[in-house]
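Residue numbers (the numbering used here): 297 to 669.
By construction, the Cβ of each residue, glycine as well, lies at the ideal position given by its N, Cα and C atoms.
Below is one structure, written out as structure tokens, with a few remarks after it.
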Ligand SMILES: [Zn+2]
């Protein structure tokens, strides 16, 4: 590199005013007469600019190499079983954006209806948008304690909420309270959670971009978008639940509060969750989840929804559909999917396979666990 720099940028020593800053640095070895005063000719300035940039690049490369070395040592030190975490990482797909992948365990994903999921590696449990109550939508709405008692797990670690519409948020705080979990979501979500009675130290407000480590699980919060309601004319993306809301809220009171996707790293897997059918493509590029939970409703409003998603995320091995069932219908007994919905799900699977032929697309059944090795 140094040889090239000398060849491209011959700095001439010319009598004149010295420029100490470029004589005393490590780059002085590139000056024809080390230590001699140099003159800032236009060519010289251009060359020094390039030299300085290359120095920064070189120092950056050294720092990156050092960080990689430290990171590898750290992974080795926490490795369990026969192989190291590094070996496990090499055996699988590359982790998203440099995230270390821990040894993989079977992951059990259970569909809870609407956009709700329970995800567990047997030790740690994350819930997504758990919604069991089926309130009348034209009156004030409260979580149904009997439904939560029956369907919420006894123990969970974290509840993540994609946005704060009623069919994603209504029961989430009650489920978190019952299961001992923390709750993560938008400012609107956390306002509602506190109003319901979640203690402050179990409420995690996010705005998108966070990448939070909880030890056995880590969660990257992805800025996202709600599905294109009202044939794209909906303007409620940024509406908020009021501060110190008076409960119970009405349907309109459950404002969207912004939308998030989540990348949940658990049990050596990376699970991308999009609980409403939209996303910001640039927020997904470079992620390599092995499982993607993908909302399907209203995707027809978007350009090339399925293939853009597959290309951005490296075609996850598994796609699980979500938010396709009748969210206004009573929870039990589980209503059968109507013909139109079944046809739409078949179309979605065909869309995925058109550009990701190896991806397994699964439409889940409520309460029936899906185990992914
Ligand atoms: Zn919604």
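Item to check | Helix, strand or coil at residue 556 [DSSP, three-state] | outcome: The sequence position of residue 556 within the chain shown is 260, counting from 1. Three-state result, residue 556: strand.
Item to check | residue 500 versus residue 422 - alpha carbon distance | outcome: Translated into the one-based positions of the chain shown, residue 500 becomes position 204. Translated into the one-based positions of the chain shown, residue 422 becomes position 126. Straight-line Cα distance between these residues: approximately 14 Å.
Checklist entry - Any chance the stretch 561-572 sits against the stretch 532-539, with 3 or more Cβ pairs inside 8 Å? => result no
Checklist entry - Would you call residue 529 buried or exposed, if buried means 16 or more other Cβ atoms sit within 10 Å of its Cβ? => result The sequence position of residue 529 within the chain shown is 233, counting from 1. Flag for residue 529 reads exposed.
Checklist entry - residue 483 by DSSP, collapsed to three states: which one? => result As a first step, residue 483 must be located in the chain shown, where it is residue number 187. In the structure shown, residue 483 sits in a helix (DSSP, three-state: H, G or I).
Checklist entry - Got a sec? Which residues, its chain only, sit under 6 Å from residue 615 by beta carbon, not counting five neighbours each side? => result Position 319 of the chain shown holds residue 615. Result list for residue 615: 588, 590, 648, 655, 657, in chain order.
Checklist entry - For residue 552, is the beta carbon positioned less than 7 Å from some heavy atom of ligand 1? => result As a working note, residue 552 is residue 256 in the chain shown. Indeed, a heavy atom of ligand 1 lies less than 7 Å from the Cβ.
Checklist entry - residue 632 bridges to which residues according to DSSP? => result As a position in the chain shown, residue 632 is number 336, starting the count at 1. Residue 632 pairs with nothing; no bridge assigned.
Checklist entry - What's the gap between the Cα of residue 484 and the Cα of residue 610? => result Sequence index remark: in the chain shown, residue 484 carries index 188 (1-based). Sequence index remark: in the chain shown, residue 610 carries index 314 (1-based). Their Cα atoms are separated by approximately 32 Å.
Item to check | Close beta carbons around residue 462, own chain, < 7 Å, minus the five adjacent residues each side | outcome: The residue you call residue 462 lines up with position 166 of the chain shown. Counting only Cβ-Cβ distances below 7 Å, and skipping sequence neighbours, we find 437, 547, 550.
Checklist entry - residue 513 and residue 559 look like a contact to me (Cβ under 8 Å); what is the Cβ gap, rounded to whole Å? => result On the chain shown, residue 513 is found 217 positions in, with the first residue counted as 1. On the chain shown, residue 559 is found 263 positions in, with the first residue counted as 1. Not confirmed; about 11 Å, so no contact.
Next on the checklist: Going by DSSP in three states, residue 437 sits in which element: helix, strand or coil?
Outcome noted: Numbered from 1 along the chain shown, position 141 holds the residue referred to as residue 437. In the structure shown, residue 437 sits in a strand (DSSP, three-state: E or B).
Next on the checklist: Short of 8 Å in beta carbon distance, which residues of its chain neighbour residue 430, apart from the five on each side in sequence? Order them along the chain.
Outcome noted: Stepping through the chain shown from its first residue, residue 430 is reached at position 134. 440, 443, 624, 625, 626, 627.
Next on the checklist: So, for residue 593: in the same chain, excluding its five sequence neighbours on each side, which residues have a beta-carbon less than 7 Å away from its beta-carbon?
Outcome noted: On the chain shown, residue 593 is found 297 positions in, with the first residue counted as 1. The residues are 523, 573, 619, 620.
Next on the checklist: By the three-class DSSP mapping on this structure, what secondary structure does residue 613 have?
Outcome noted: What you label residue 613 is simply residue 317 of the chain shown in a count that begins at 1. In the structure shown, residue 613 sits in coil (DSSP, three-state: anything other than H, G, I, E or B).
Checklist entry - DSSP three-state call for residue 414: helix, strand or coil? => result Here residue 414 refers to the residue found at position 118 of the chain shown. Three-state result, residue 414: strand.
Next on the checklist: Taking 7 Å as the cut-off, is the beta-carbon of residue 529 closer than that to any non-hydrogen atom of ligand 1?
Outcome noted: Position 233 of the chain shown, counted from the first residue, corresponds to residue 529. Set against 7 Å, the gap from the CB of residue 529 to the closest heavy atom of ligand 1 is not smaller.
Next on the checklist: Among the candidates 583, 490, 662, whose CA atom is the shortest distance from the CA of residue 617?
Outcome noted: Translated into the one-based positions of the chain shown, residue 617 becomes position 321. Closest by alpha carbon: 662.
Item to check | First through last residue of the alpha helix (DSSP H) which encompasses residue 469 | outcome: Translated into positions along the chain shown, residue 469 becomes position 173. Residue 469 -> alpha helix (DSSP H) spans 468-475.
Next on the checklist: Nearest by alpha-carbon distance to residue 520: which of 480, 569, 531 is it?
Outcome noted: By one-based count along the chain shown, residue 520 stands at place 224. The candidate whose alpha carbon is nearest that of residue 520 is 569.
Item to check | residue 572: CB within 7 Å of a non-hydrogen atom of ligand 1 | outcome: Counting from one through the chain shown, the residue named residue 572 turns up at place 276. Under cutoff, so the answer is yes.
Next on the checklist: Tell me which residues share the same chain as residue 669 and place their Cβ nearer than 6 Å to its Cβ, disregarding the 5 neighbours each side in the sequence.
Outcome noted: Within the chain shown, residue 669 is the residue found at index 373, counting from 1. If we look at residue 669 and ignore the five residues flanking it on each side, its Cβ neighbours are 402.
Next on the checklist: Let me make sure I understand the geometry here. Which of 595, 468, 635 has the alpha-carbon closest to that of residue 456?
Outcome noted: In the chain shown, the residue the question calls residue 456 occupies position 160. Per the Cα distances, 468.
Checklist entry - Straight-line CA distance for residue 480 to residue 449? => result As a working note, residue 480 is residue 184 in the chain shown. As a working note, residue 449 is residue 153 in the chain shown. For residue 480 and residue 449, the distance between alpha carbons rounds to 17 Å.
Next on the checklist: If you reduce the DSSP assignment to three classes, tell me which class residue 666 lands in.
Outcome noted: The residue labelled residue 666 in the question sits at position 370 within the chain shown. Strand, per DSSP.
Checklist entry - Which residues bound the alpha helix (DSSP H) around residue 568? => result Here residue 568 refers to the residue found at position 272 of the chain shown. First-last for residue 568: 565-570, but that is the beta strand (DSSP E), not the alpha helix (DSSP H).
Checklist entry - For the alpha helix (DSSP H) that residue 514 lies in, which residues bound it at each end? => result Position 218 of the chain shown, counted from the start, is the residue given in the question as residue 514. Unbroken run through residue 514 is the beta strand (DSSP E), 513-520; no alpha helix (DSSP H).
Checklist entry - By how many angstroms is the C-alpha of residue 526 removed from the C-alpha of residue 476? => result What you label residue 476 is simply residue 180 of the chain shown in a count that begins at 1. What you label residue 526 is simply residue 230 of the chain shown in a count that begins at 1. C-alpha separation (whole angstroms): 37 Å.
Next on the checklist: Taking the beta strand (DSSP E) that residue 424 belongs to, which residues open and close that run?
Outcome noted: Along the chain shown, one-based indexing puts residue 424 at 128. Segment 421-424, the beta strand (DSSP E) holding residue 424.
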